[in-house]
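Written out below as structure tokens is the structure these notes cover.
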Amino acid sequence: MDLSELSAGTPKVLDHYLELFLKSTLPQEMLHFRSAPVTPANYATHPDIQFFRLVKANHHYAYHKMKTSGLESSLDNINGRSTLFDPYSRELLLQRLRTFNALNWNIPPGSGEESLTELVCAASGWACESIARNNNTKNHLKCTSCGHELVLRFNSVDQQPAYVPFQFDLEDINQLNNNLKLLYIEQIRTTGHAETCSWTKVHTPLAGVYYLTPYISETNEILIGNYLKCLRNLTDNLPILLEHYGSIRNLSPPISVDDLTRLVTVSNKWLLARYFHDNKENFSVILERMCPPWLHSLALMGWDLNIQTFSSQTVLLLVCTDCNQRVFIKQHGQQEQIQLPILSSSKILTPCKFPPHTAHLTIGFSTEFMDEMEEDEEIDPYYCHKPWCSHVQNVGDIPFFEYFKNMMYDLEKNIGRQGEYLSEKDQVLNIDGQVTKRRNSIDIDDGIERLTKLRKLYFVD
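Going by full-length UniProt numbering, the letters in the sequence shown line up with residues 1 to 461, in that order.
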């Protein structure tokens, strides 16, 4: 049947559209679907093309999720996830370490080939959950990347369960706890994470990240910056510290008077240039006459003044910046009128309801962390730091405080106009171009910077 026969009984409008349809002629190439461009074979093996193909595959799901849930919120989520896993970031490592404190972390003492410490947990990506109204469990770990959780439980040495038919020997309990530690260390490093978690493949290398590499400019800048921050905070709150010198004097390492005097002189130059550059003359006199030398040795060992509220008690404490060890130096009741220290918001710790409910604690709760230091307390070889703290570990074959004071003496010439640290590269002037080019090519700091950039590209989520 011809189309003309079909159109004979149709309305004029449909007949008109049929006529237009018969007259329309589309190009042959428009009748075929356009296919996606194909990468030429000679470029398919190019490393850059392979890299971005991998990036596209990793972000394919996130891209489609972003299209449905909104652009801004999805970008924030992607950026947030990418910052959680950075095993070579010292700042993130210290942030995880700060989540461990006497309230939520308590490991029974014992001996073994490998110790279970906060540093081991933080280096594997774990943070410790805070004690709160809905969480009364100690040793509650949570991975900062995959979100898996672990609760480390041990047998109490002081109190044995009531359901056992006989009492266990102390040696047996310690041996059992040591075996548990070995199993927990394996879970912390590998099996406790999700199978796809990045922390199962790469851990934070303690050498070079936590224990800084000595005698390089990057390490010098970090150590000087942390030291000056602590010194500034302690200087601002000198009247409070003077009241409790007897209880904090054991926190200072044994430095001779001559060395300490020289350290004070160099430190004041750094402090004035960085924080008081607009009024150096007036503050230099105050620093020389008012600040005692032991204040500088406290800052050298990483002690920083903080304040925290426990129920009705306000507690002043010194906190180590590297191991989060806390030394409580002063307590005040709710009715007492106290002179609050001059502290930034980062130095005011989160208030805690004290004492917490002890019904669900994995280990008997102790209040000994609230006790102030006694003046006649024996000298601690770690100066109240944790044994693994970077401030009490030797740098090569010399103690940390010896290395630090020698570094401060040598870097007096590196003080910038605004108190910034001038590296050796910044001080190169009027040198032959070939020599400068060769020196920059083998500079350690430049190599570290390049590795940092490569690391950020490598760990793109």
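Each residue gets a CB set at the ideal place from its N, CA and C atoms; glycine is no exception. Just so you know, these numbers come straight off a predicted model, no measurement behind them.
query	result
Report, in whole angstroms, the separation of the C-beta atoms of G419 and R274, which I expect to be a contact under 8 Å.	3 Å
Determine the contact status of W270 and L228, defining contact as a CB-CB distance below 7 Å.	yes
What are the boundary residues of the alpha helix (DSSP H) that includes E402?	F400 to D410
Using the C-alpha atoms, what's the distance from L152 back to L263?	44 Å
My parser needs the beta strand (DSSP E) runs of 3 or more residues fully inside the region 241–319; what are they?	303–310
Do you know offhand how far G125's Cα is from K142's?	8 Å
Alpha carbons only, please: which of L223, L116, S256 and T196 is nearest the one belonging to L182?	L116
Here's the rule: buried if 16 or more other CB atoms are within 10 angstroms of the residue's CB, otherwise exposed. What is P239?	exposed
Using the three-state DSSP reduction, which class does N79 fall into: helix, strand or coil?	In this predicted model, N79 has a pLDDT of only 44, less than 50, meaning its place in the structure is not dependable; the value taken from the coordinates is given anyway. Three-state result, N79: helix.
Taking DSSP as the reference, what is the three-state secondary structure of residue 462?	In this structure the chain extends from 1 to 461, so residue 462 is not present and cannot be described.
Please classify E19 as buried or exposed, where buried requires at least 16 other C-beta atoms within 10 Å of its C-beta.	exposed
Please report the residue range of the beta strand (DSSP E) in which E420 lies.	Per DSSP, E420 belongs to no beta strand (DSSP E) and is neither H nor E.
Less than 7 Å separating the beta-carbons of T204 and P87?	yes
Give the C-beta separation of S267 and H296 to the nearest angstrom, bearing in mind that I take them to be a contact with Cβ-Cβ under 8 Å.	5 Å
Of all the options L170, H148 and I224, which has the alpha carbon lying nearest to the alpha carbon of T191?	H148
List the DSSP bridge partners of C230.	DSSP, once it has assigned bridges, lists no residue as partnering C230.
Could you spell out the range, first to last residue, of the beta strand (DSSP E) harbouring A127?	W126 to C128
Should F401 and L300 be called a contact, given that it needs their Cβ atoms to be closer than 7 Å?	yes
Buried or exposed for I185, going by 16 or more other Cβ atoms inside 10 Å?	buried
Going by beta carbon distance, what residues of the same chain come within less than 8 Å of R417, once the five residues before and after it are set aside?	A273 and H277
In terms of residue numbering, what span does the alpha helix (DSSP H) encompassing L92 cover?	R90 to L97
Would the beta-carbon of N237 fall within 7 Å of that of L305?	yes
Near T99, what residues of its chain come up, given a Cβ to Cβ distance below 6 Å and the 5 sequence neighbours on each side ignored?	A127 and C128
Among the residues of its own chain, which have a CB less than 7 Å from the CB of N324, if the five just before and after it don't count?	L97, R98, F100 and N101
The alpha helix (DSSP H) that contains C121, what's its start and end?	E118 to A123
Could you tell me the alpha carbon to alpha carbon distance between T309 and V315, rounded to whole angstroms?	6 Å
Starting from the Cα of P254, find the closest Cα among C389, N414 and K405 and give me that residue.	K405
Tell me the DSSP secondary structure of E149 in three-state form.	strand
Within a Cβ cutoff of 7 Å, which residues of the same chain sit near S89, ignoring the five residues on either side of it in sequence?	none
H16: buried (16+ other C-beta within 10 angstroms of its C-beta) or exposed?	exposed
Using DSSP with H/G/I as helix, E/B as strand and the rest coil, what is L103?	coil
Can you pull the DSSP bridge partners for K142?	A127 and E149
On the three-state DSSP scale, how would you describe V209?	helix
Can you have a look at N233 and say buried or exposed, based on whether 16 or more other CB atoms are within 10 angstroms of its CB?	buried
Quick check on H16: does DSSP put it in helix, strand or coil?	helix
Should I131 go down as buried or exposed, given a rule of 16 or more other Cβ atoms within 10 Å for buried?	buried
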